[in-house]
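Enquirer: Start counting the sequence shown at 102; every next residue gets the next number (the numbering used here).
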Amino acid sequence: MRPFVFVNLAMSADGKLSTTERRQVKISGKSDFLRVDEIKAGSDAIMVGIGTVTADDPSLTVKSEKLKKERTERGCEENPIRIVIDSEGRTPENAEILHKGPGRRIIAVSEKASDKNLERLSPYADIIVAGKDKVDLAGVMEALSDIDVKRVMVEGGGTLIWSLFEEDLIDEFYTCIGNIIIGGDSAPTPADGTGFIKEENFTRLELIDMEKADEGVLLRWRVKR
Ligand SMILES: NC(=O)c1ccc[n+]([C@@H]2O[C@H](COP(=O)([O-])OP(=O)(O)OC[C@H]3O[C@@H](n4cnc5c(N)ncnc54)[C@H](O)[C@@H]3O)[C@@H](O)[C@H]2O)c1
Ligand SMILES: Nc1nc(=O)c(N)c(NC[C@H](O)[C@H](O)[C@H](O)COP(=O)(O)O)[nH]1
102 MRPFVFVNLA
112 MSADGKLSTT
122 ERRQVKISGK
132 SDFLRVDEIK
142 AGSDAIMVGI
152 GTVTADDPSL
162 TVKSEKLKKE
172 RTERGCEENP
182 IRIVIDSEGR
192 TPENAEILHK
202 GPGRRIIAVS
212 EKASDKNLER
222 LSPYADIIVA
232 GKDKVDLAGV
242 MEALSDIDVK
252 RVMVEGGGTL
262 IWSLFEEDLI
272 DEFYTCIGNI
282 IIGGDSAPTP
292 ADGTGFIKEE
302 NFTRLELIDM
312 EKADEGVLLR
322 WRVKR
């Protein structure tokens, strides 16, 4: 058993998530920010890779007071469970995700994480150990299902999302395409990693809908199985 997993990203018109220096860029506009807050508030958990934590230092909190209130009225924490996929337990102790706003945090590590790092992070987050070198993502999803997590939003980056596609762990994929060109052949994209080599392995998508969003476009895809 695993939860429903969807990805939400903003990318430039040329398909980049950020610059070659992995510097965060404002890609989407105000209406997209509100939409992202809503889908975040509608999720039980929100997941990012350690690369996103070190590059962007996001808090991944729900921003709207109304949405926070609606969550607490439903008997949920104000924020979804925040999960970092972090093989070695490198999350900095002062990361925003560990401090901003109430709610549970989980850091999923592999057996490679040192005891020192586990000790360092355990005051701030629950630790799941899954996988030998890299985090075993299917194992993490199973562990989330065991604690009644039904809906997981993944906010990047491209390395984590690639692995989730590779392991067929994604159900829906939303991209807001903004009206800028970032360029750069090493700039992160929605699915980096090694990529599929054989055509028969490609993930196939079905378009759910598309709409104009600020100066760009929002595409929502479902993974075909
Ligand atoms: N525009 C957007 O919507 C958006 C959203 C999030 C991130 N970003 C950008 O993406 C970049 C960060 O992405 P990234 O690809 O460097 O990092 P990432 O966030 O995808 O984290 C990847 C890291 O997770 C760890 N990991 C552990 N187990 C793993 C597994 N099984 N599979 C994959 N990774 C595993 C590894 O250390 C790996 O390097 C930043 O530049 C950030 O600004 C953009
Ligand atoms: N929707 C969206 N539009 C963008 O233009 C952009 N650059 C991101 N990037 C994703 C980024 O990793 C996180 O959405 C924020 O950084 C959230 O972090 P906060 O909770 O606000 O701290 N996302």
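All residues carry an ideal CB built from backbone N, CA and C; glycine is no exception.
Quick caveat, the model's predicted, so the values are computed rather than measured.
Answer yes or no: do W322 and E307 have a C-beta to C-beta separation smaller than 8 Å?
Expert: To locate residue 322, count along the sequence shown from 1; it is residue 221. To locate residue 307, count along the sequence shown from 1; it is residue 206. Yes. Within cutoff.
Enquirer: Starting from K313, follow the beta strand (DSSP E) in both directions and report where the run begins and ends.
Expert: What you label residue 313 is simply residue 212 of the sequence shown in a count that begins at 1. Taken as a continuous stretch (DSSP letters only), the beta strand (DSSP E) holding K313 covers 306-314.
Enquirer: Grouping DSSP H, G and I as helix and E and B as strand, with all else coil, what is F303?
Expert: Locating residue 303 in the sequence shown gives position 202, counting from the first residue. In this structure, F303 counts as coil in the three-state DSSP scheme.
Enquirer: Assign T192 to one of two classes, buried (16 or more other C-beta atoms within 10 Å of its C-beta) or exposed (fewer than that).
Expert: Counted from its first residue, the sequence shown places residue 192 at position 91. Looking at its Cβ environment, which holds 16 or more other Cβ atoms inside 10 Å, T192 is buried.
Enquirer: May I have the straight-line CA-CA distance separating K325 from P289, to the nearest angstrom?
Expert: Taking the first residue of the sequence shown as position 1, residue 325 is located at position 224. Taking the first residue of the sequence shown as position 1, residue 289 is located at position 188. Taking the straight line from one Cα to the other gives about 25 Å.
Enquirer: Which residue spans inside the segment 224-254 form an unbroken alpha helix (DSSP H) run of at least 4?
Expert: Within the segment 224-254, the complete alpha helix (DSSP H) runs of at least 4 residues are 238-247.
Enquirer: Evaluate contact between the segment 131-138 and the segment 233-243, counting only Cβ atoms and requiring at least three cross-stretch pairs below 8 Å.
Expert: Contact between the segment 131-138 and the segment 233-243 is absent, because fewer than three Cβ pairs lie under 8 Å.
Enquirer: Excluding five sequence neighbours on each side, which residues of the same chain lie with their C-beta closer than 6 Å to the C-beta of D119?
Expert: Along the sequence shown, one-based indexing puts residue 119 at 18. With the sequence shown as reference, residue 119 is identified as Ser, and Asp is not the correct amino acid for it. Hits under 6 Å: Q125, V126, P289.
Enquirer: Residue range of the beta strand (DSSP E) that G123 falls in?
Expert: To locate residue 123, count along the sequence shown from 1; it is residue 22. Rather than Gly, the amino acid found at residue 123 in this sequence is Arg. It is not in any beta strand (DSSP E) - R123 carries neither H nor E in the DSSP assignment.
Enquirer: Touch check for the segment 220-234 and the segment 255-267: three-plus C-beta pairs under 8 Å?
Expert: With the cut-off at 8 Å, the segment 220-234 and the segment 255-267 do not touch.
Enquirer: To the nearest angstrom, how far is the alpha carbon of W263 from that of T304?
Expert: Within the sequence shown, residue 263 is the residue found at index 162, counting from 1. Within the sequence shown, residue 304 is the residue found at index 203, counting from 1. Approximately 11 Å between the Cα atoms of the pair.
Enquirer: Can you grab the Cα-Cα spacing for the pair D160 / K201, in whole Å?
Expert: Taking the sequence shown and counting its residues from 1, one reaches residue 160 at position 59. Taking the sequence shown and counting its residues from 1, one reaches residue 201 at position 100. Rather than Asp, the amino acid found at residue 160 in this sequence is Ser. Roughly 6 Å separates the two Cα atoms.
Enquirer: Taking the runs of the alpha helix (DSSP H) that are 4 residues or longer, which of them lie wholly in the segment 155-198?
Expert: As far as the segment 155-198 is concerned, its whole alpha helix (DSSP H) runs of at least 4 residues are 166-174.
Enquirer: For P224 and N180, what's the separation of their Cα atoms in angstroms?
Expert: Taking the first residue of the sequence shown as 1, we reach residue 224 at position 123. Taking the first residue of the sequence shown as 1, we reach residue 180 at position 79. One C-alpha to the other measures close to 19 Å.
Enquirer: Using the Cβ count rule (16 or more neighbours within 10 Å means buried), how would you classify R183?
Expert: The sequence position of residue 183 within the sequence shown is 82, counting from 1. The residue is buried, with at least 16 neighbouring Cβ atoms inside 10 Å.
Enquirer: Taking Cβ to Cβ, would you say D138 is nearer than 8 Å to L168?
Expert: On the sequence shown, position 37 is the one that residue 138 refers to. On the sequence shown, position 67 is the one that residue 168 refers to. The answer is yes: Cβ separation under 8 Å.
Enquirer: Output the boundary residues of the beta strand (DSSP E) element that contains G150.
Expert: Within the sequence shown, residue 150 is the residue found at index 49, counting from 1. 146-150 is the span of the beta strand (DSSP E), which, as asked, contains G150.
Enquirer: Near D293, what residues of its chain come up, given a Cβ to Cβ distance below 6 Å and the 5 sequence neighbours on each side ignored?
Expert: Within the sequence shown, the letter at position 192 stands for residue 293. Hits under 6 Å: G259, T260, W263.
Enquirer: Any idea what DSSP makes of N218, helix, strand or coil?
Expert: Here the question's residue 218 lines up with position 117 in the sequence shown. Helix.
Enquirer: Does ligand 4 have even one heavy atom less than 7 Å from the beta-carbon of D293?
Expert: Ligand 4 is absent from the structure shown, which contains only ligand 1 and ligand 2.
Enquirer: Do the CB positions of E114 and I278 come within less than 8 Å of each other?
Expert: By 1-based counting over the sequence shown, the position of residue 114 is 13. By 1-based counting over the sequence shown, the position of residue 278 is 177. Going by the sequence as given, residue 114 is Ala instead of Glu. Yes, Cβ-Cβ distance for A114 and I278 is below 8 Å.
Enquirer: Hey, V210 and D247 are a contact pair by Cβ (cut 8 Å); roughly how many whole angstroms apart?
Expert: Here residue 210 is taken as the residue at index 109 of the sequence shown, counted from 1. Here residue 247 is taken as the residue at index 146 of the sequence shown, counted from 1. Not confirmed; about 17 Å, so no contact.
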